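Per our numbering, the sequence shown starts with residue -4, numbered consecutively.
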Amino acid sequence: MNGKETVAFIGLGIMGLPMSLNLIKAGYPLAVYNRTRSKTEALAEQGARVAGSPAEAARGASTVIVMVSDSPDVEEVVLGKGGVIEGVQEGAVVIDMSTISPSVTRRVGARLAGRGAAMLDAPVSGSSWAAADGTLSIMVGGEPEVFERSLPVLEAMGKRIIHIGPSGMGQVAKLVNQVMVAGTLAAVCEGLLLGAKAGVDLDKVFQAVTGGAANSWQLENLGSRILKRDFDPGFSVKLMLKDQRLINQAAEEMELPMPASAVARQFFYLLGQRGLGEDGTQSYIKGLEEMAGVIVGGSAEPS
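Structural data, given as C-alpha cells:
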C-alpha cells in the first residue's frame, strides 16, 4: 500500500468495473461490492477486498463510490437494509456517480448528513471506453470543500472534472448532457440514413463531414460504429431510456417545452420494445432502417 485512504466501490457494471480498476492502478486500497459476486473476481485478483454488503464495503473507507443504474437502486444500496448508511464512518464522503433524479440526490445526501457523512453527486459522461481509459467527464454537485478533498479520487477516473454547484447540480448537468447527446445522435443517424438511401459512398461522406461544422463526439464515435455495424454498448439503449425518463420528469417539474427530447424518448422506448435494450445507443439507426427499408453501413472502418 502507498498510504492512500481506502475507497469503497459499489456497483461493478459496464462503467463501474473499469472505473474501479483505474482506482487500483492509482494505488487506492479498494473494497468492492456487487450484487452479482462474479463481477468482483477481476478486482479481487488485483487485491481488492470483496464485501458481502454495501455496509461492509463502507466500513473503514474514507470515500464510498456508488455506480448503479437508477434512483431506486441508489436509495437501496445507500439507505436500505445493509446499505452504506449502516457502515459509513463519520467524516467519510459518499460519491454517487450514477445518473439519477436531482431530488433523490438531495434526499439521500440529507440522510447521510445525519450520520456525519458528506455526499457528492458526480455523474459521468464518455461511455465505457472512456471509463476504461480514465478519461471520463465528471460533473459534480456538493459543497466546494468536499469536492476539493475528493478531487484526487475523481482524477483517477476522469479527465475533465467540473464542480457545477450545490447538491443535485451535478445531476442537472448530466441531464443537460443527455438532452444534447440524444438529439445529436438522432441527427447523426438521420443524416447517415439519407446518405444510404441516396446511394452515396458513406465512408467518403464520413471523411468529409467529420472535418466540418457537423462533426461531434456522436458522429466520430457512434457514426463510425454504425458504418461498421458495431452495436456493442458504450452506453446502452436501456440506460438512455432511463435518462430520458429523468429528463421528462425534470421538464414537467419546471414546465419546460422539450419536443425533441419527447420524440427521442419515444424512439428509445420503441427500441427497447424491439429487444434492443442491451445494445449500444447507436442502434437508434436500426429503428430508422426498419421504417426506411435501407441498411446503413457494413463496410470497413471509415478512414
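In this text, a Cβ means the ideal position worked out from N, Cα and C, and glycines have one as well. It should be emphasised that the depicted structure is a prediction, and the values quoted were computed from it without experimental measurement.
In the displayed model, T58 falls within a strand according to three-state DSSP.
Non-local C-beta neighbours of E81 in its own chain, meaning closer than 7 Å and more than five positions away in sequence, comprise A50, ordered along the chain.
Per the Cβ contact rule, the stretch 174 to 188 is not in contact with the stretch 154 to 162 (fewer than 3 Cβ pairs under 8 Å).
Boundaries of the beta strand (DSSP E) harbouring R155: 153 to 160, taken from the DSSP string. Taking the Cα positions, K192 is about 36 Å away from T130. Here the alpha carbon of D274 sits roughly 17 Å from the alpha carbon of V291. Distances from the alpha-carbon of G163 to those of M92, K233, G121, G153 put M92 closest. Beyond the five residues adjoining it in sequence on each side, N210 comes within less than 7 Å, by CB distance, of V204 in the same chain, given in chain order. The Cβ-Cβ distance between Y23 and V2 falls below 8 Å. The beta carbon of Q277 lies closer than 7 Å to those of L217, R220, I221, F226 in the same chain, with the five residues before and after it left out. Runs of the alpha helix (DSSP H) lying entirely within the stretch 128 to 197, each at least 4 residues long, are 139 to 150, 164 to 193 in chain order. Each residue's CA atom was taken as its position, placing L214 and K76 some 44 Å apart. Nearest Cα to V141 within the set M175, A87, A56, E285: A87. R106 sits in a helix when the DSSP states are folded into three classes.
A direct Cα-to-Cα measurement between D196 and Y279 gives close to 21 Å. CA-to-CA, the gap between S48 and V171 works out to about 33 Å. Annotated three-state conformation of Y28 is strand, per DSSP.
Beta-bridge partners of S120 (DSSP): S132. Taking a C-beta distance under 8 Å as the contact criterion, P118 and Q166 qualify as a contact pair. Rounded to the nearest whole angstrom, the CA to CA distance from L38 to A53 is 17 Å. Assigned with DSSP and collapsed to three states, F263 falls in helix. Following the DSSP letters along the chain, one finds I19 inside the alpha helix (DSSP H) bounded by residues 11 to 20. Counting along the chain, D91 sits inside no alpha helix (DSSP H); it lies in the beta strand (DSSP E) bounded by residues 88 to 91. In the DSSP assignment, V2 falls within the unbroken beta strand (DSSP E) covering 2 to 5. Here A43 is near L25, since their CB atoms are less than 8 Å apart. Excluding residues up to 5 positions away in sequence, L7, V27, Y28, N29, A43, V45 lie with their Cβ nearer than 8 Å to the Cβ of T35 in the same chain.
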